[in-house]
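For the record, the sequence lines run as chains A and B. Everything in the first sequence is counted per the working numbering, starting at 158 for the first residue and increasing by one. Everything in the second sequence is counted per the working numbering, starting at 5 for the first residue and increasing by one. Read the structure below first, then the notes.
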Amino acid sequence: TQLLEQSPQFLSIQEGENLTVYCNSSSVFSSLQWYRQEPGEGPVLLVTVVTGGEVKKLKRLTFQFGDARKDSSLHITAAQPGDTGLYLCATALRAGNNRKLIWGLGTSLAVNP
Amino acid sequence: DAGVIQSPRHEVTEMGQEVTLRCKPISGHNSLFWYRQTMMRGLELLIYFNNNVPIDDSGMPEDRFSAKMPNASFSTLKIQPSEPRDSAVYFCASSFTGVEQYFGPGTRLTVT
């Protein structure tokens, strides 16, 4: 059972379209991170959201953290081929005095020119 | 500043052979993580170190896997003996906060 459920699993769209991907859980999180992984590379951190209801924008990407801090969404406006990649969400679970990240399985996005 | 460095980028080996993967974290980061990524299971945390000390190795599949961090600038992940089911991409990541992580380019391991 995945602690973080990401949907959709796969998404193929045309350049210029808008899209939204989701990261959901039944647990409450103190923070949530979004990463993008391009083919053949490691994940790259895009944003961290902390406050319930928070909205952060990164150029054409809009990240939202749910009011109850159980879910998050990523909206891309006017998608471009350079947005192609695997979008991963992750959250930190406290383990004693340390924390470790738990990851979703990701949404694989293909933007066709 | 250089990011996380991993070597080799690709490794092809035969079943039963020993495999050693290497990682140099970002200077100043005090946490280091080893992950394995497959299509079926996604990104799995194998082990992580804080200040060179192993904190959680519950993700290490079995005794065939071992990891060391002899100093703040170097870590290894060793598989002995390797098996075909170990084929995956192995990532090393480092962090200053423990939460926001910076990944290396990965090592693609193929065990035949």
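Cβ atoms here follow ideal geometry from the backbone N, Cα and C, with glycine treated the same way.
| Check | Outcome |
| --- | --- |
| Out of SER35/B, PHE69/B and HIS33/B, state which residue places its alpha-carbon closest to the alpha-carbon of LEU50/B. | PHE69/B |
| So, at 7 Å on beta carbons, what are the nonlocal neighbours of PHE95/B in its own chain, with the 5 sequence-adjacent residues on each side left out? | TYR39, GLN41, PHE107, GLY108 and GLY110 |
| Is there contact here, the region 209–225 of chain A with the region 21–34 of chain B, by at least three beta-carbon pairs under 8 Å? | no |
| Would PRO200/A be called buried (16 or more neighbouring beta carbons within 10 Å of its own) or exposed? | buried |
| So is LEU89/B buried or exposed if we call it buried at 16+ other beta carbons inside 10 Å? | Before going on, a small fix: residue 89/B reads as Arg here, not Leu. With fewer than 16 other Cβ atoms within 10 Å, it is exposed. |
| Does the beta carbon of ALA249/A come closer than 8 Å to any beta carbon on chain B? | yes |
| Between THR114/B and MET19/B, is the Cβ-Cβ spacing less than 8 Å? | no |
| GLY46/B lies in the beta strand (DSSP E); which residues open and close that run? | 46–54 |
| In this structure, does DSSP put LEU60/B in helix, strand or coil? | Sequence check: residue 60/B is Asp here, not Leu. ASP60/B: strand per DSSP, three-state reduction. |
| If you draw a straight line from the C-alpha of SER244/A to the C-alpha of PHE100/B, how long is it? | Per the sequence shown, the amino acid found at residue 244/A is Tyr instead of Ser. Approximately 22 Å between the Cα atoms of the pair. |
| Quick one, which of LEU189/A, GLY173/A and LEU176/A has its alpha-carbon nearest LYS227/A's? | LEU189/A |
| What three-state label does DSSP hand ASP228/A in the structure shown? | strand |
| Could you tell me the distance, in whole angstroms, from the CA atom of ALA76/B to the CA atom of MET44/B? | 32 Å |
| Using a Cβ-Cβ cut-off of less than 8 Å, give me the residues of the region 85–98 of chain B that come near chain A, in sequence order. | PHE95 and ALA97 |
| In this structure, how does DSSP classify PRO88/B when only helix, strand and coil are distinguished? | helix |
| Whole angstroms are fine: how far does the CA of VAL268/A sit from the CA of SER169/A? | 6 Å |
| Measure the C-alpha to C-alpha separation of GLN194/A and LEU203/A and round it to an integer number of angstroms. | 10 Å |
| If you draw a straight line from the C-alpha of ASP61/B to the C-alpha of GLU172/A, how long is it? | 43 Å |
| If GLU162/A and ASN181/A are in contact, beta carbons under 8 Å, what's the gap, nearest whole angstrom? | 5 Å |
| Any beta-carbon of chain B closer than 8 Å to the one on ARG256/A? | yes |
| Between ALA225/A and SER184/A, what straight-line distance do the alpha-carbon atoms span, to the nearest angstrom? | 9 Å |
| Would you report the Cα separation of PHE78/B and ALA249/A, rounded to the nearest angstrom? | 24 Å |
| Need the endpoints of the beta strand (DSSP E) that PHE69/B sits in, please. | 69–75 |
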